[in-house]
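Some notes on the structure that comes next.
4 protein chains.
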Amino acid sequence: MMLISRCLCLILSDIITPSCLHHILLEFLGTALFLSASLSGVLMLPAAGPDQPTNQSVPSAAPSGLAPVSPACPLQVALVFGLSVAMAAVCVGGGVHLNPAVTIAMALTLRLHLWRAALYVIGQLLGGVTSAALMLVLTGDVTPALNQVSAGVWLHQAVIVEMLVTLQLVLVVMATTDVPLPTVVPPLLVGLAVGLGHLVAVSSTGCGMNPARSFGPAVIALDFTDHWVFWAGPGLGACLAALLNDLLLRPRWHRSGDWW
Amino acid sequence: MMLISRCLCLILSDIITPSCLHHILLEFLGTALFLSASLSGVLMLPAAGPDQPTNQSVPSAAPSGLAPVSPACPLQVALVFGLSVAMAAVCVGGGVHLNPAVTIAMALTLRLHLWRAALYVIGQLLGGVTSAALMLVLTGDVTPALNQVSAGVWLHQAVIVEMLVTLQLVLVVMATTDVPLPTVVPPLLVGLAVGLGHLVAVSSTGCGMNPARSFGPAVIALDFTDHWVFWAGPGLGACLAALLNDLLLRPRWHRSGDWW
Amino acid sequence: MMLISRCLCLILSDIITPSCLHHILLEFLGTALFLSASLSGVLMLPAAGPDQPTNQSVPSAAPSGLAPVSPACPLQVALVFGLSVAMAAVCVGGGVHLNPAVTIAMALTLRLHLWRAALYVIGQLLGGVTSAALMLVLTGDVTPALNQVSAGVWLHQAVIVEMLVTLQLVLVVMATTDVPLPTVVPPLLVGLAVGLGHLVAVSSTGCGMNPARSFGPAVIALDFTDHWVFWAGPGLGACLAALLNDLLLRPRWHRSGDWW
Amino acid sequence: MMLISRCLCLILSDIITPSCLHHILLEFLGTALFLSASLSGVLMLPAAGPDQPTNQSVPSAAPSGLAPVSPACPLQVALVFGLSVAMAAVCVGGGVHLNPAVTIAMALTLRLHLWRAALYVIGQLLGGVTSAALMLVLTGDVTPALNQVSAGVWLHQAVIVEMLVTLQLVLVVMATTDVPLPTVVPPLLVGLAVGLGHLVAVSSTGCGMNPARSFGPAVIALDFTDHWVFWAGPGLGACLAALLNDLLLRPRWHRSGDWW
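Residue numbers (my numbering), protein chains in the order written: chain A, 2 to 261; chain B, 2 to 261; chain C, 2 to 261; chain D, 2 to 261.
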């Protein structure tokens, strides 16, 4: 009993420091900024009807302004997500995660204390919900920004695709964490990895890759259909990436001496 | 009375130095170069009719050359604006603002004297008007390059969108100002932020983000409909970014000692 | 007889070292990662029918989810391949080849022992087959990912196009190998070269450039039609690039003294 | 008489050095490489008919392989040209011009001897003709790669547009020449400037920016209609950029002391 309270006390004294609280605030602000830009980019894509050169002689009845387009151009969605995560990481500072999957991989490889990781994740989820709420105020409807498994895609396929794209994202994050690089390079590389993930996965699952991105609109729209896919896929991908990186690609026991 | 004249004298002696006048000239030249490239890119987009693979068997009557296309491809508009602001900043030199919103944020955070800021803004607006006038000579009509709130978008939505995209732009500018970076990196990052802003906002407001960009065509076409939106949105975004950056993200009192 | 066995012994003692085995493993993992991302990007492109704004009033009967599109958008294919090779090289580490053509050029210019080169190539081919097998499990059909010479393109044209795009890729690799550069720059440059190659060649040959990329789906789909083109073209291009680089662009005898 | 022969003798002894001949060879090889990639990218764009999701139920009769598309997608053309000039400059080495307009600006600002400049230009033009001849062998027709003023565009408009895009290109080249930068940065910046120029000008003039690029296909196709536009525009732009850079942006007398 006393042990537990003492342990808690130690943890609390680690958490309630200016630097840790500032980090959690940065995770919250960064995720909110990143998802506000991304989701508004998805929700405000030009309506397909009158804004693109099809041969519809009759202008569509829908207002052309903020009408959301569900089957959006993958290239543009990829650019918006990749650029906004890169810009948010540049704004907030290089060491920010902005993604629960990344935080999980960092905690799993003992690069981050478990309790700090939990608080980072909470900050990221709050950031996601905040930005989705802002989108609700701005456009009145966030359902087009929901991550949903497309018709014709089986759930296990969706999980594998999410796992694959998160795997490469987390591998890129870990590759840029351990080596000294100029401050703006890791955000840009992560932005490229996010863009690649969206190019690959946007047509089958809308591309989650980031539970905070999936969680925000799901809470605001109160629609949790297949929501577990967007936690299981990225979670598995992050664990696999953590193992692959620390055991095979950049083995940690390699550092002091050679393989055997 | 004597105080005022003395104050003016001091200010004038600060302004009329080669370095300050050179900076104002650079703001003028840079903005003129950036907007000449951007606006000609927007005004000379290929006409939608015969240049794209639609199934119009009858070629449209409009001349295909310089016919402007109002509902332009957002991706291409974003690329043209992002690339031209990056290239102009590379040409003119890294420390240039090219955007009244950036200058306002710099003045607000005491990184720039108020009178210098005012002269920079005047230089930028003159650059915008000059390039719009050049476009009038070249294409005969600048109305397609006007920033206008799309039909179906309410004014408060337009202001919020403009505020959001300017917020992230000014945050990126401030993040790259304070740390030492290779000379060509800040222009490229700003170009990416401008491109992101256009991807997000081009369908709802045409994407201002930059009062000089909105002001130039508005003066030449003498069309100031909803023009205040493109000053209020970027202005609010710049102020918010200045506060967010100096109070939360990179708190200035953090530098000498810790938070409390 | 004794000479041969002694020679073999020497070779084996060079190969069976931790560093060499680790390199072969990295080639295998990197190629598998790169091609898993690329091929899933090609196989899961949004079906052309209902996902894009055409004026087909009747939704196509094909399921919209993972339905592969054979005549895919070249720009998106180029982005997926360029980004995934860059990300895989970042993840795995800068010195990786991921492409038998690059390994051939390195062996030809005596930058790599012949037996090591052979093992690298085997690792890359296994990586290609592994990722194609994964795609078969995931989507049930890998034929849309096959490299095939388009109808209307003669075989000698296909070989020349493949040679040309591999030539520029290998030249870029060799230009970034010899000079000291930050660790993330070569992968990004190689990604750009791969993207350029796909923009040029995707419509005529599907763009091989990389025998491992062509070999994997061909083995899984058991379809070797014109498969030699995707070995001859890149092979010739790699040899030409090796000669051009070491004899004309960066002549090696130039290093100790001047030309004559 | 003796003076002239002596002068010639001096010039020749400056030219016939290994370093100068190597530079001319690099200009030739680089331009040939750059234009082979670019022009094949333009000539082998997928035919618009069956390769893109239009609702043509009847497949077009034209062979889908190497059929050239005259009104090509500006975005893809810009990417191909920007990437190939960047990759060629990376392959060949950073200090290469690959463009007579750049060489003219360098000679005009006394950064290069006049006779060397003339030989560089000859090397570039030969490179352009060589690559156009290669394209003729490969595709049988180079007319779709010709630079031509679009219907509906007046010649003075075409000259101004060409001048504007060359102006920004040469300014970027000069801005990256004088400061110390990592070796791969200038090629990438020049590639971005070339891409921007194509986005702006491809619909009105096909975007020359580079007399060698315009000259090669014109010689091979023996079609010199309005060919002077693609020398006058870039030439004027280069001269203007040289003056602007050395007098206003980075004034040369600024270096020793201040403005007055």
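A virtual CB, placed ideally from N, CA and C, is assigned to each residue, including glycine.
Here the structure is a predicted model, which means the values were calculated and not measured.
Where residue i and residue j are concerned, what is the direct C-alpha to C-alpha distance, given to the nearest angstrom?
| i | j | result |
| --- | --- | --- |
| Thr-226 (chain A) | Cys-208 (chain A) | 15 Å |
| Cys-74 (chain C) | Gly-42 (chain C) | 11 Å |
| Ile-16 (chain C) | Ile-25 (chain C) | 10 Å |
| Thr-1 (chain D) | Gly-124 (chain D) | Examination of residue 1 (chain D) is not possible in this model, given that chain D is present from 2 through 261 alone. |
| Leu-249 (chain D) | Leu-245 (chain C) | 42 Å |
| Ala-219 (chain B) | Glu-28 (chain C) | 57 Å |
| Leu-223 (chain C) | Ser-215 (chain C) | 12 Å |
| Gly-89 (chain B) | Ser-37 (chain B) | The question names Gly, but residue 89 (chain B) is Ala in the sequence shown. Taking the straight line joining both Cα atoms gives about 10 Å. |
| Ile-221 (chain D) | Leu-147 (chain D) | 10 Å |
| Ala-102 (chain C) | Leu-80 (chain D) | 24 Å |
| Ile-105 (chain A) | Thr-32 (chain A) | 16 Å |
| Ser-84 (chain B) | Val-91 (chain B) | It should be pointed out that residue 84 (chain B) corresponds to Leu in this sequence rather than to Ser. Cα to Cα, the separation comes out at about 10 Å. |
| Met-3 (chain D) | Gly-96 (chain D) | 36 Å |
| Val-150 (chain A) | Trp-232 (chain A) | 13 Å |
| Ser-204 (chain C) | Met-45 (chain D) | 7 Å |
| Ser-39 (chain D) | Leu-126 (chain D) | 15 Å |
| Pro-183 (chain D) | Asp-247 (chain C) | 22 Å |
| Ala-108 (chain D) | Leu-30 (chain D) | 21 Å |
| Pro-252 (chain C) | Leu-113 (chain C) | 18 Å |
| Leu-156 (chain B) | Phe-82 (chain B) | 24 Å |
| Cys-21 (chain C) | Thr-144 (chain C) | 34 Å |
| Gln-57 (chain A) | Ala-152 (chain B) | Confidence at Gln-57 (chain A) is low in this model, with a pLDDT of 33, below 50, so the placement of that residue is unreliable and no value is reported for it. |
Does DSSP put residue i in a helix, a strand or coil?
| i | result |
| --- | --- |
| Phe-225 (chain D) | coil |
| Val-59 (chain D) | At Val-59 (chain D) the pLDDT is 31, less than 50, meaning the model places this residue with poor confidence and gives no usable figure here. |
| Arg-253 (chain D) | helix |
| Gly-258 (chain B) | Residue placement at Gly-258 (chain B) cannot be trusted, given a pLDDT of 43 that sits under 50; what the coordinates show is reported in the next sentence. In the structure shown, Gly-258 (chain B) sits in coil (DSSP, three-state: anything other than H, G, I, E or B). |
| Ala-239 (chain A) | helix |
| Ile-105 (chain D) | helix |
| Asn-246 (chain D) | helix |
| Val-122 (chain D) | helix |
| Ile-12 (chain A) | helix |
| Ala-68 (chain C) | Note that Ala-68 (chain C) has pLDDT 34, beneath the 50 cutoff, so the model's placement of it is unreliable and the number below is only indicative. Coil, per DSSP. |
| Cys-74 (chain D) | coil |
| Cys-92 (chain D) | helix |
| Cys-21 (chain A) | helix |
| Asp-110 (chain C) | This sequence places Thr at residue 110 (chain C); Asp is not what is there. Correct three-state label for Thr-110 (chain C): coil. |
| Gly-207 (chain C) | coil |
| Val-130 (chain B) | helix |
Check whether the Cβ atoms of residue i and residue j sit closer than 9 Å, and answer yes or no.
| i | j | result |
| --- | --- | --- |
| Trp-116 (chain C) | Ile-12 (chain C) | yes |
| Val-230 (chain C) | Val-122 (chain C) | no |
| Gly-128 (chain D) | Phe-35 (chain D) | yes |
| Val-86 (chain C) | Val-186 (chain C) | no |
| Pro-235 (chain A) | Asn-211 (chain A) | yes |
| Thr-131 (chain C) | Gly-217 (chain C) | yes |
| Val-154 (chain B) | Thr-110 (chain B) | no |
| Leu-76 (chain D) | Gln-77 (chain B) | yes |
| Val-191 (chain B) | Ala-243 (chain B) | no |
| Leu-120 (chain C) | Ala-213 (chain C) | no |
Would you please verify whether the beta carbon of residue i is less than 9 Å from any beta carbon of chain E?
| i | result |
| --- | --- |
| Val-81 (chain D) | Reference to chain E is not applicable here, since the protein chains of this structure are A, B, C and D. |
Taking 8 Å as the cut-off, does the stretch 156-169 of chain A touch the stretch 135-142 of chain A (at least 3 CB pairs, one atom from each stretch)? Under the 8 Å Cβ criterion, the stretch 135-142 of chain A does not count as touching the stretch 156-169 of chain A, having fewer than three qualifying pairs.
Is the stretch 174-182 of chain D close to the stretch 188-199 of chain C, with three or more CB pairs under 8 Å? no
Which runs of the alpha helix (DSSP H) fall wholly inside the stretch 147-201 of chain A and span at least 4 residues, in chain order? 156-179
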